[in-house]
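This note's numbering numbers the first residue of the sequence shown as 2 and each following residue consecutively. Backbone N, C-alpha and C define an ideal beta-carbon position, used for all residues, glycine too.
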Amino acid sequence: MEKQESTVLETQPTLASLVKSIKSLEVIVEGWNDSQRLTVQALRKAIEDLHKEAFSRLIRGIKADPAAIPALRQAVGDEIVYAVLRHLGLLKPSLNERIERALASVRPLLQGHGGNVELVRVDPPDSVEIKLLGACDGCPASGLTLAEGIEKAIREHCPEIITIKKVKGIPPSSNVNGASVFFVSPFARSSDAGWQFAVELAEIPDIGIKVLELAGHSLLFSRTDQVVTCFENACAHMGMPLDMGLIADGVITCPYHGFRYDLSSGECLTAPEVQLVSHAVRVVGSKVEVKLRS
Numbered sequence: 002m003e004k005q006e007s008t009v010l011e012t013q014p015t016l017a018s019l020v021k022s023i024k025s026l027e028v029i030v031e032g033w034n035d036s037q038r039l040t041v042q043a044l045r046k047a048i049e050d051l052h053k054e055a056f057s058r059l060i061r062g063i064k065a066d067p068a069a070i071p072a073l074r075q076a077v078g079d080e081i082v083y084a085v086l087r088h089l090g091l092l093k094p095s096l097n098e099r100i101e102r103a104l105a106s107v108r109p110l111l112q113g114h115g116g117n118v119e120l121v122r123v124d125p126p127d128s129v130e131i132k133l134l135g136a137c138d139g140c141p142a143s144g145l146t147l148a149e150g151i152e153k154a155i156r157e158h159c160p161e162i163i164t165i166k167k168v169k170g171i172p173p174s175s176n177v178n179g180a181s182v183f184f185v186s187p188f189a190r191s192s193d194a195g196w197q198f199a200v201e202l203a204e205i206p207d208i209g210i211k212v213l214e215l216a217g218h219s220l221l222f223s224r225t226d227q228v229v230t231c232f233e234n235a236c237a238h239m240g241m242p243l244d245m246g247l248i249a250d251g252v253i254t255c256p257y258h259g260f261r262y263d264l265s266s267g268e269c270l271t272a273p274e275v276q277l278v279s280h281a282v283r284v285v286g287s288k289v290e291v292k293l294r295s
């Protein structure tokens, strides 16, 4: 019996094999006429819409039972389950995935100078370690340019990242304006354009929230020890303010329709396809600064 079960497991399809089969069929369809291809595309979209609605209802049902959430997270860890939910737009890209996408966007420039960059480690919710490779490693002449390029890419893809540590690369002797190899809030290394003071850190209650109006935005600040997040004070469901909602275990519940949000990430625990609008935030001494999305 054990041998039979092992054989079954060994013959399970992999993500690579399934994707290969799909691509081989797509090649065949590409050779069809426009009418045939449009029909196949419409059929594909209809099936995907059906699957998306089914999975949305399934996930909502599972999330309604707190005891089932660990099982859901474990299931999403399967590469095929994750790939399908990502394709259907039911999962937002993971932090690791978005950081890798940011680094991939600058690699052609780095490789053109004989260098490269790799992700070493991600420390959720707001820290990352990277390493410069090849000609980029320890080059004083190119260090600042490369660092700014990498930081700009990370800012565009991952506004929640506050701390970037370069494990290997720019030596202390090549630092500019006293900056060390450990960068805090690196998104405005060349200038502080866009960052503005919002509130004193002590004014945000620990494991609580503070709401304030700034530059036409109603902002919802949350703090756990020294980690601060900032979101639009608007439920992703119908845009109603959240500040009067109940807060428990790092989750705020919309007082109007009961939508629940994780205050560390903005993820909606009620409807997985939506999330709060986030803004980049940093702590400088005792002050909290934000860079608002345009």
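Helix, strand or coil at residue i [DSSP, three-state]
i              : result
threonine 40   : helix
tyrosine 262   : strand
alanine 272    : coil
arginine 283   : strand
asparagine 1   : Missing from the structure shown is residue 1; the chain here goes from 2 to 295 and no further.
alanine 216    : coil
proline 187    : With a pLDDT of 27 at proline 187, under the threshold of 50, the modelled position of this residue cannot be trusted; read the value that follows with caution. Reduced to three states, the DSSP call for proline 187 is helix.
valine 289     : strand
glutamate 161  : coil
valine 168     : strand
glutamine 197  : strand
alanine 105    : helix
valine 252     : strand
aspartate 66   : coil
glycine 150    : helix
isoleucine 208 : coil
threonine 203  : Note that residue 203 is alanine in the sequence shown, not threonine. Note: alanine 203 maps to helix in three-state DSSP.
histidine 238  : coil
arginine 87    : helix
asparagine 28  : A small correction: the amino acid at residue 28 is valine; asparagine does not occupy that position in the sequence shown. Helix at valine 28.
arginine 156   : helix
Residue i Cβ short of 6 Å to the ligand SAH heavy atom set
i         : result
lysine 53 : As far as ligands go, the structure on display features none, and thus does not contain the ligand SAH.
Residue from the options with nearest C-alpha to residue i
i              : options                           : result
histidine 280  : Ile163, Val121 and Gly209         : Ile163
leucine 59     : Thr12, Lys153 and Leu270          : Leu270
histidine 158  : Ala105, Val200, Gln197 and Leu111 : Ala105
cysteine 231   : Asp127, Leu16 and Pro94           : Asp127
valine 200     : Gly135, Ile208 and Val284         : Val284
glutamine 112  : Asp124, Leu134 and His88          : Leu134
alanine 272    : Leu213, Leu92 and Gln42           : Leu92
asparagine 234 : Leu16, Ser219, Arg224 and Ser18   : Ser219
lysine 132     : Leu213, Val118 and Gly195         : Val118
arginine 224   : Glu214, Leu264 and Asp35          : Leu264
proline 160    : Lys167, Glu54 and Val129          : Val129
For residue i: DSSP bridge partner residues
i                 : result
phenylalanine 222 : Cys231
glutamine 75      : Paired residues: none, contrary to the question.
aspartate 124     : Ser128
arginine 45       : Per DSSP, none; premise fails for arginine 45.
asparagine 34     : Answer is none; asparagine 34 lacks a bridge partner.
leucine 134       : Asn117
leucine 247       : Thr254
For residue j and residue i, the rounded distance between their alpha carbons
i              : j                 : result
proline 14     : leucine 247       : 45 Å
glutamate 290  : valine 228        : 13 Å
leucine 51     : glycine 90        : 13 Å
glycine 267    : glycine 240       : 14 Å
valine 85      : glutamate 204     : 43 Å
isoleucine 81  : serine 22         : 14 Å
leucine 243    : valine 30         : 48 Å
leucine 97     : tyrosine 83       : Reading off the sequence, residue 97 comes out as asparagine, not leucine. Distance between the alpha carbons of asparagine 97 and tyrosine 83 is about 14 Å.
tryptophan 33  : leucine 19        : 22 Å
isoleucine 208 : alanine 249       : 9 Å
serine 287     : alanine 216       : 21 Å
valine 282     : phenylalanine 198 : 10 Å
proline 125    : isoleucine 48     : 35 Å
arginine 1     : lysine 153        : This structure leaves residue 1 out entirely; the chain is present only between 2 and 295.
arginine 1     : valine 275        : Given that the chain is displayed from residue 2 to residue 295, the structure contains no residue 1 and the question cannot be resolved.
methionine 87  : glycine 116       : First, the residue type needs correcting, since residue 87 is arginine and not methionine in the sequence shown. One C-alpha to the other measures close to 31 Å.
arginine 61    : alanine 237       : 16 Å
For the stretch 246–260 and the stretch 285–295, state whether three or more C-beta atom pairs, one from each stretch, are separated by less than 8 Å.
In this structure the stretch 246–260 does not touch the stretch 285–295; the number of beta carbon pairs closer than 8 Å is below three.
Any 3 or more C-beta pairs closer than 8 Å across the stretch 67–76 and the stretch 95–103:
No, because fewer than three Cβ pairs between the stretch 67–76 and the stretch 95–103 fall closer than 8 Å, the two stretches do not touch.
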